[in-house]
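J.:
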Amino acid sequence: EVQLLESGGGLVQPGGSLRLSCAASGFTFSDYAMTWVRQPPGKGLEWVSAINAGGGSTFYASSVRGRFTISRDSSENTLYLQMNNLRAEDTALYYCARDSIPAPYYFDYWGQGTLVTVSS
Amino acid sequence: DIQMTQSPSTLSASVGDRVTITCRASQSISSWLAWYQKKPGKAPKLLIYKAASLGSGVPSRFSGSGSGTEFTLTISSLQPDDFATYYCQQYDTYPFTFGPGTKVDIK
């Protein structure tokens, strides 16, 4: 059974940093691209960042480029999102999702999310 | 970035109704479009990919159509479990983008 378990969310001050993790199990992690999607409170889904299966190609939304870094560790079956210079508008529930192929695509499995709150 | 729009933003319907949601892209995305169902407190669920292909385990009352810039999601006979918010997502061009969502609630 495919499982994705996010962690690392919490309360952080504006300008601060957090690193989110997504532990994957039930599939060959190195065969699939992975993506972070977020949902601010009361708002819709926003695609944030993606990484291909090999980890050599990364992609970002305009709103986070230069502040967020996506990475993966296939030895640990874990996806990461390093978030720096956080802003109030980054407050959201952050989901990791499995792309259905080795390149960023549509998402066939999702985690339950980890909440990030940026506030002073 | 490719902008995705959805209409209507909210839809009130009854069990058994046929429901259609429209998604439009600001430029052609061929058939690289997916639809997801989102319920409060739950992770999104894939319904449709490549505009018209049914996701694994998704009931056949859900169907998708369209190509280029205009797409539709149809629920042939609305069931109680279908009251949710529906999002389209393009995966043609980076950054991938979602539509703003269509909430289907009970009339």
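Protein sequence lines, in the order shown, are assigned to chains U and Z.
According to this note's numbering, the first sequence is numbered sequentially starting from 1.
According to this note's numbering, the second sequence is numbered sequentially starting from 1001.
By construction, the Cβ of each residue, glycine as well, lies at the ideal position given by its N, Cα and C atoms.
1) Would you kindly check if the distance between the Cβ of I70 of chain U and the Cβ of W138 of chain U is under 8 Å?
2) Start and end of the beta strand (DSSP E) containing E1027 of chain Z?
3) With distances taken from CA atoms, which of Z:A1043, Z:S1067 and Z:S1076 is nearest S1026 of chain Z?
4) Where does F1083 of chain Z fall in DSSP's three states?
5) Cβ atoms of L79 of chain U and F68 of chain U: under 8 Å apart, would you say?
6) Within 10 Å of its beta-carbon, does P1040 of chain Z have 16 or more other beta-carbons around it, so buried, or fewer, so exposed?
7) Can you name the start and end residues of the beta strand (DSSP E) that V64 of chain U belongs to?
8) By the 10 Å Cβ neighbour count, where 16 or more other Cβ atoms means buried, how is R6 of chain U classified, buried or exposed?
9) S75 of chain U: which of U:A24, U:G9 and U:E1 sits nearest, CA to CA?
10) Could you check what DSSP says for F1124 of chain Z in three-state terms: helix, strand or coil?
T.: According to the structure data:
1) Because chain U in this structure spans residues 1 to 120, residue 138 of chain U falls outside the shown range and cannot be described.
2) One-based indexing of the second sequence puts residue 1027 of chain Z at position 27. One detail in the question is off: residue 1027 of chain Z reads as Gln in this sequence, not Glu. No beta strand (DSSP E) contains Q1027 of chain Z, which DSSP labels as neither H nor E.
3) What you label residue 1026 of chain Z is simply residue 26 of the second sequence in a count that begins at 1. With distances taken between Cα atoms, S1026 of chain Z lies closest to Z:S1067.
4) Here the question's residue 1083 of chain Z lines up with position 83 in the second sequence. Here F1083 of chain Z sits in coil by DSSP.
5) Walking along the first sequence from the start, residue 68 of chain U turns up at place 68. Walking along the first sequence from the start, residue 79 of chain U turns up at place 79. Result no, Cβ atoms of F68 of chain U and L79 of chain U do not sit closer than 8 Å.
6) The sequence position of residue 1040 of chain Z within the second sequence is 40, counting from 1. Exposed.
7) On the first sequence, position 64 is the one that residue 64 of chain U refers to. That residue, V64 of chain U, is in no beta strand (DSSP E); it is neither H nor E in DSSP.
8) By one-based count along the first sequence, residue 6 of chain U stands at place 6. Strictly speaking, residue 6 of chain U in this sequence is Glu, with Arg absent from that position. Label assigned to E6 of chain U: buried.
9) Indexing the first sequence from 1 puts residue 75 of chain U at position 75. S75 of chain U has its Cα closest to that of U:A24, out of U:A24, U:G9 and U:E1.
10) No answer is possible for residue 1124 of chain Z: it lies beyond the span of chain Z, which begins at 1001 and ends at 1107.
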